Each structure stands twice: as structure tokens, then as C-alpha cells.
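Asker: Each residue of the sequence shown is one higher than the one before, starting from 1 at the first, in the working numbering. Beta carbons are placed, not taken as given, at the ideal position from N, Cα and C, and that holds for glycine. In this text the structure is predicted, and so the values were computed from the model without any measurement.
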Amino acid sequence: MSEAKMTNIPSMNVNRLIDTLSEAYCALINGGQQLKLFPSVMLWGPPGVGKSQAIRQLAKEIEKNTGKRSVVTDVRLLLFNPIDLRGIPTANADKTLAVWLKPQIFQMDPSEDVVNILFLDEISAAPQSVQAAAYQITLDRVVGEHKLPDNCIVIAAGNRTTDKSVAFKMPKALANRLLHIEVEGSFKAWKQWAIRSGVHPKVLGFLTFRQNYLMKFDAATEELAFATPRSWERVSNILNFVSDDVGKMLPMISGIVGSGIAVEFHTWTQVYNDLPSLDDIFDGKNPKLPTGTDAMYALTAAMTAYARAHKEDMARISYSITYADRMPPDFSAMLMKDYMAIEKDYRTKLLQIPSFARWLSSKGRLINGVVK
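Structural data, given as C-alpha cells:
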């Protein structure tokens, strides 16, 4: 994993980034202020760290906290040239002047009940001629004759030149127009997102067991397949929607995260064959606890996924908490912390369950010490 850092700008994990930006934008929107008062944002980070996912989540937070509909326009600047941003020239009605047809990215809903987010992704990979065309968008919110609506937020993102991806050095004039934030990898932040997003429990359990495998990007190697939060999400999608047979899907998984990690992942998932029945746990039958550390990681991930799928069935959740009370204290605390991440404010629902209140009374002190 690359350890390169950009020393003079703030570094945030995805969750903190979303909270920070949503608070700022919602304050402007709810206060009736113009969005252009806030500078355009530039997100820096290695490939796959979660920049695009953060924008999608930011849009949801803005919707929730303003009551307005959020629309994200995702523009991959690497695929653009300057003329694409300005539009196609054509003659005016009397054929005396050239006019520019508006590009699709400027076809935004200007309504007061809408918040547009223009996401200029891969800006650092765009040739400098395209970056120059982005000057007007980031500073003046225009390109040529075309103007962004007042309800539009502008956010750009790109890889650092140290990542050895396609990346051109950003001109100082453009850089000075932006608010810069480096997006850092954080397992804790990723896990909270993964639980709420339904990431497959085998992926969740393995990465809780091997947290350093979440991000294995190394700019010094020539590897094409490597582990990142983005690539693990794709592995999860295969297991969720194609087949959860890791052995059968191993060639595909290898093509996403690399053969070495994929084989280790496959070997680790064999522990799932010996786990107790989740139905028995949530029906209050108290099956025997597994003994191995690998199996305990797998069991907590499987129970979290099951609880998420039955999050409104508080009787079954209660049975599972009683079962969790029998686990080794660190795994019991990790599971309760994961339960609280199932959705925002789910802890409030859990507090209505006597078994959870009893667990907090006897073991609640352990939660702050659990970093998994």
C-alpha cells in the first residue's frame, strides 16, 4: 500500500469527508445562501479509495438533511477534450455567427427543490488543455457561453502524481481555485459503510480478520489486479448477485484483487462450512459456539448480515444478543458495535431490548476498546 501523503492539506477518511462536506453544504442550502459562496472541492487519493462512493453518499445526506432531491452528474474528464466541455459549434439562425450547442453535462434541473452535484472525476488524468477548460467551471461556474445553475455544487477528484496512475501535475492557477482534501483509507470507516450497504459477509469477515488487505495498492508494482475498497465491493457484488461459492468464483475474484489474496480469501472462507445455523441462533436455540479465531470472525460477520436483513424483528435480534453474550468478550463487543452500525441511530432501537441493555451494563465498557 502506498504511504505517500500530501503534507499541506487535510486528510480525511470517507465518513469524515461526507460529514464535513454535508454539514457545510446543508448549512448553505438551509440558510438560503448561494452555493457558489463555497469553493469547489478537489479530492485526492489513490485508485479505489472511495472518492466516487463518497459523492454518492454525500448526495444522500444532502437529500436527507435538506428535503431536496440530489442529482449527481458524473463526468470522467479523462474521456473529454476541451471542445466536449464547450459544446459543438453550429451556425445561428441567419448563418452569420457561430453558436455553441450546450453539452449534456450542463442539462441540469435548476428547480429550487433540486441540488445538482457536478462531479469532475479523474481531473488529474485529463490533459492540461482539458484541465484549463475546467478553470471556468471551478471558479466562474461557466464554460464559454454555458453557465451552471445556481443550485449546482462542483466537486473534482483525481489520483496523486505519486500514485503512478495517469496523472498530470495540476497547474497552480487551477489548484488555487479549489479546496483540497486527501481521502485516506480507513478500515473502520469502510466497515461501517459496508455493513449498511450489504457487503457480502464473507468479504466483511475476511477483511475484519485481515484488515491490511482492504487496501493493497502499491504504485511501485506493475500489478493490474490489486485490493482496494472499490475492488472488494466488486467481489461482494459477484458473491451477492452471481454466486456465493468462492471456489467457483475464484478466477473472477483473482482478476479483481489478485491471485494471491484471492486464494487466501478462498482458503479462509472454508470456516463457513462449520459455523452454527444462523436460524438457530436467531430463533433462540443457542447452538454450540465455534472455537477457532477464524470461525469467530466469520460468525460475527454472518450474524451482522443476518441481523441487517431482519433488523425490524427485535425478538430475533434479542435472541442473537443473548447468544453473543456467550462469546469471548472482544468478539461479543465487536458484534454489538457492528449491530449499532446497521443503520444510523439503530442503537436507539437496540436500547429497547432488555438483553441489549443487560449486555451494555455488563460489557458496554469494552466497545470503546474495540477497533475492528
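If we call anything under 7 angstroms between Cβ atoms a contact, is glutamate 61 one with serine 111?
Answerer: Taking 7 angstroms as the Cβ cut-off, glutamate 61 and serine 111 do not qualify as a contacting pair.
Asker: What does a CB cutoff of less than 8 angstroms around threonine 388 pick up in its chain, not counting 5 residues either side in sequence?
Answerer: Limits of the chain in this structure are 1 at one end and 372 at the other, which puts residue 388 out of reach.
Asker: Please check the pair isoleucine 153 and tyrosine 25, which I expect to be a contact at CB under 8 angstroms, by giving their CB distance rounded to whole angstroms.
Answerer: Going by Cβ atoms, the distance from isoleucine 153 to tyrosine 25 rounds to 6 angstroms, so yes, they are a contact pair.
Asker: By how many angstroms is the C-alpha of isoleucine 342 removed from the C-alpha of proline 201?
Answerer: Roughly 13 angstroms separates the two Cα atoms.
Asker: Using a Cβ-Cβ cutoff of less than 6 angstroms, which residues in the same chain neighbour glycine 205 once the five nearest sequence positions on both sides are dropped?
Answerer: Excluding sequence neighbours, glycine 205 sits near Tyr297, Ala298 and Ala301.
Asker: Can you list, in chain order, the residues of its chain whose CB lies under 6 angstroms from that of serine 186, leaving out five sequence neighbours each side?
Answerer: The answer, listed in chain order, is Asn13.
Asker: Go through its chain and collect everything with a Cβ distance to valine 142's Cβ below 6 angstroms, but skip five positions before and after it.
Answerer: The answer, listed in chain order, is Gln136.
Asker: Count the other CB atoms, across all protein chains shown, that sit within 10 Å of the CB of leucine 35; report buried if there are 16 or more and exposed otherwise.
Answerer: Buried, because 16 or more other Cβ atoms sit within 10 Å of the Cβ of leucine 35.
Asker: The beta strand (DSSP E) spanning histidine 180 covers which residue range?
Answerer: Segment 178 to 183, the beta strand (DSSP E) holding histidine 180.
Asker: Near lysine 363, what residues of its chain come up, given a Cβ to Cβ distance below 7 angstroms and the 5 sequence neighbours on each side ignored?
Answerer: These residues qualify, in order along the chain: Pro329, Ser332 and Ala333.
Asker: Just mark asparagine 10 as buried or exposed, buried being the case when its beta carbon has 16 or more other beta carbons within 10 Å.
Answerer: Sequence check: residue 10 is proline here, not asparagine. The residue is exposed, with fewer than 16 neighbouring Cβ atoms inside 10 Å.
Asker: Which partner residues of valine 71 appear in the DSSP bridge assignment?
Answerer: DSSP lists Asn116 as partners of valine 71.
Asker: For alanine 341, does the three-state DSSP call read helix, strand or coil?
Answerer: Three-state result, alanine 341: coil.
Asker: Where do the N-terminal and C-terminal ends of the beta strand (DSSP E) with serine 40 fall, by residue?
Answerer: That run of the beta strand (DSSP E) goes 40 to 44.
Asker: Select from Arg210, Met42, Pro171 and Trp44 the residue whose C-alpha is nearest the C-alpha of serine 129.
Answerer: Cα-wise, what sits closest to serine 129 is Pro171.
Asker: Is there contact between the segment 255 to 267 and the segment 224 to 235, where contact requires at least three CB pairs shorter than 8 angstroms?
Answerer: Yes, they touch.
Asker: State the Cα-Cα distance for the pair alanine 309 and arginine 196, rounded to the nearest angstrom.
Answerer: Going by the C-alpha atoms only, they are around 10 angstroms apart.
Asker: Less than 6 angstroms between C-beta atoms, sequence neighbours within five positions excluded: which residues of the same chain meet that for valine 246?
Answerer: So the list reads His266 and Thr269, once near-sequence residues are dropped.
Asker: Please report the straight-line C-alpha distance between glutamate 223 and tyrosine 213, rounded to a whole angstrom.
Answerer: Using only the alpha carbons, I get a separation of about 15 angstroms.
Asker: Ordered along the chain, which non-local residues of its own chain (more than five positions away) have a Cβ less than 7 angstroms from that of arginine 326?
Answerer: Leu289, listed in sequence order.
Asker: With the cut-off set at 7 angstroms, would you say isoleucine 123 and alanine 173 are in Cβ contact?
Answerer: No, Cβ-Cβ distance for isoleucine 123 and alanine 173 is not below 7 angstroms.
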